[in-house]
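Protein chains in written order, with this note's numbering: chain P, 1 to 328; chain X, 1 to 448. Even for Gly, the Cβ is constructed at its ideal location relative to N, Cα and C. Keep in mind the model is a prediction, meaning the values are calculated, not measured.
As structure tokens, this is what we get:
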């Protein structure tokens, strides 16, 4: 599927423009994070989402009131897509007082439960069990809603993932498992880590239906997510979507990514970049003009710059905050 | 899981079973016991006589020890191979004085004299106390649910959840597959979403599979979210030793969990405390590790009927007052300490026994107040000594009451080996009242 911009079911030109804004926001945000990291304003582990933006934009378009989202440590984009203020995220990354978690969590631990965003988890695969628990609570309390649970091709080899597929299907839990297959689990390519590289089939043993999606194409992501969620919301139990994607940066800021060639990265950027693809499609369909694109770019950049300024000028947490929030 | 029988207070029980014997389609009859309860016997001694259709057999003692239980009375017929006839208490080491553990074991609990309960209380086993507190809390708060292996249809591997499925139904008494890592994580997720799960581990040994969710997910959620998340969850189940279940099923995790900020850790020693602490744990907005003990499930005690009977987390209890030495214990080791104190009293030594009840937070002030009076301190735990609860108590006492100490603080703890299976080796590895008495004698001999 390619975005034809002609009002494909579930992906109108309006939605395509909204997705474009989300993707651009994520990309410019992550570029700013890289810059701030380089300046020493952000420390520790920091994982960028650049290249994978179509996934969060296409999935989050279906994120309704009452739904919940959970992911691993590559979580900036998910928090943004849930509507979290970029200022609060950058302040958290900079370890400042007004950060989303008062500066106590950092890049890998963003949380906004009031917006349905449950993190932000640093142990590979843990979010799958936790997300399954969110879905369990929803079902148990007869709440409407679904859980969108994101994890990578690396996490997909953790045992607890399959323990969860089993329980989720056994109990028909309302959860969408989204495997963001960016081809590398840190430095290990999928081919060297997975006996079966078609991740959409990973639920087969438990009869959890799955589909493979072009994760560089936001229209495909949007359509596949809509179909899966319709089945889940109708009480059909869990679904798996494998989003085939690619990250342009290293695993984290500390990773020089020597396990792949510069040509490989360059080729992906030139031929499959999700933002370029959508922009071209919108232009070709006549659904956006160059000047509108420029205006969006300016707005997004201004918002991010302002957020970075805000974060850099926030004070550090009070020393008294050290021992708060350990216990209720 | 081993059978739940009233345990010896300070030594492992060794089963005496009817062996597989030739030729008797109608089973066997126990004609007579050849030794009485409390009698010392050696390995190979004949302790009972069994009759089949055509012949008579002798039952030999499987080990050195003291006969503490006769579960089948003389004259009982139709016994099948493998049936439990009685039990020996292993003798960890030779002591000249009679073991203090023998006296309370002289009559099995079922035939023992039942004390008349005070008004507003009843006699109940710890198992019943836990069950009743759990049911009370489930009635009070619809967000509370129980989840774990065999908790529903099977009525609980240790029967703590017996009858709950019938009252509360399968959405609140949730049987899981054998999947500790994920069902612990699932329960933490449900807690983050506002529910109040009570997770049963069939034994805490299986909680190691779930350690990541206990430590990384539950204990840290509040902090790393800057206080946005709350994780009101109880992880409960038997912790510590049971007879002859071997290295991978015998482990006291108290010190490991107590090392983790963000967790609360409790370990009751009595039925009343079990109920009061479980209610407090379920009502608490933090993750609570609730460490039960398989050998205490059947132990009876006075239980308040009040569904609001609460024991605050973080408060120790003086289980026995004394002046000469402070014994600091928790869970089943409280009975070792009490047995030791009873025997020492006969020698004119007055031991104070502190039941910690909570291991995180530790009630350090109660321990210090006692040690400032007695000047001597012995700690008792089923776990290993290095970096253990006793090590922490010793550090606290040295930091805050150094001047009051008349002797070094001594730790009674498990031998630093994986728990062996062989009865003789197992007895050597476990803590006992005898070891407590030896430690007390040492600290009293020391004139600091």
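DSSP links residue 112 of chain P through a beta bridge to P:117. No residue range can be given for residue 96 of chain P, since it is assigned to no alpha helix (DSSP H) and is classified by DSSP as neither H nor E. Around residue 221 of chain P, the same chain offers 54, 55, 58, 59, 213, 215 and 243 as residues with beta carbons nearer than 7 Å, after the five sequence neighbours per side are excluded.
Judged by DSSP in its simplified three-state form, residue 374 of chain X adopts helix.
In the structure shown, residue 289 of chain X adopts extended strand secondary structure according to DSSP, grouped into three states. In the same chain as residue 437 of chain X, and ignoring 5 residues on each side of it, the C-beta atoms closer than 7 Å to its own belong to 340, 343 and 344, in chain order. For residue 123 of chain P, the closest Cβ of chain X is nearer than 8 Å. Less than 8 Å separates the beta-carbon of residue 182 of chain P from that of residue 246 of chain P. Of all residues in the region 297-328 of chain P, the ones placed with a Cβ closer than 8 Å to any Cβ belonging to chain X are 324, 325, 326, 327 and 328, in chain order.
The Cβ-Cβ distance between residue 106 of chain P and residue 187 of chain P does not fall below 8 Å.
Contact with chain P is absent for residue 315 of chain X, since none of that chain's Cβ atoms lies less than 8 Å from the residue's Cβ. Boundaries of the alpha helix (DSSP H) around residue 272 of chain P: 262-272. Rounded to the nearest whole angstrom, the CA to CA distance from residue 135 of chain X to residue 40 of chain P is 54 Å.
Here DSSP, grouped into helix, strand and coil, assigns residue 164 of chain P to helix.
Judged by DSSP in its simplified three-state form, residue 206 of chain X adopts helix.
Beta-bridge annotation (DSSP): residue 67 of chain X is paired with X:88.
With contacts defined as CB atoms closer than 8 Å, residue 180 of chain X and residue 218 of chain X fail to qualify as a contacting pair. Approximately 7 Å separates the beta-carbon atoms of residue 67 of chain X and residue 38 of chain X; this is inside 8 Å, confirming the contact. For residue 122 of chain P, the CB contacts under 6 Å within the same chain, skipping 5 residues up- and downstream, are 73 and 108 in chain order. For residue 46 of chain P, no CB of chain X lies under 8 Å from its own CB, so it is not counted at the interface with that chain. Per DSSP, the continuous beta strand (DSSP E) segment holding residue 180 of chain P begins and ends at 175-181. Counting of Cβ neighbours within 10 angstroms places residue 402 of chain X among the exposed residues, the total staying below 16.
The beta strand (DSSP E) runs of length 3 or more contained entirely in the region 143-222 of chain X are, from start to end of the chain, 144-148, 173-175 and 196-200.
Following the DSSP letters along the chain, one finds residue 22 of chain P inside the alpha helix (DSSP H) bounded by residues 13-38. Of the candidates X:256, X:281 and X:396, X:256 places its Cα closest to the Cα of residue 387 of chain X.
Between the alpha carbons of residue 208 of chain P and residue 237 of chain P lies a gap of roughly 8 Å.
By the neighbour-count criterion, in which a residue is buried when 16 or more other Cβ atoms sit within 10 angstroms of its Cβ, residue 148 of chain P is buried. Assignment of residue 242 of chain P by DSSP, reduced to helix, strand and coil, places it in the strand class.
In the three-state reduction of the DSSP assignment, residue 237 of chain X falls in the strand class, which pools E and B.
Within its own chain, the residues whose Cβ lies closer than 8 Å to the Cβ of residue 63 of chain P, once the five positions on either side in sequence are excluded, are 69, 81, 82, 116 and 148, listed in chain order.
Fewer than three Cβ pairs drawn from the region 149-158 of chain P and the region 225-235 of chain X lie within less than 8 Å of each other, which leaves the two stretches out of contact.
The region 164-180 of chain X makes no contact with the region 347-359 of chain X, as fewer than three CB pairs between them are under 8 Å. If you check each beta-carbon in the region 218-229 of chain X against every beta-carbon of chain P, the ones closer than 7 Å belong to 222, 223, 224, 225, 226, 227, 228 and 229. With distances taken between CA atoms, residue 247 of chain X lies nearest to X:416 out of X:59, X:69, X:416 and X:16. The Cβ of residue 81 of chain P sits no closer than 8 Å to any Cβ of chain X. Within chain P, not a single residue places a beta-carbon under 9 Å from that of residue 152 of chain X; the smallest gap is close to 13 Å.
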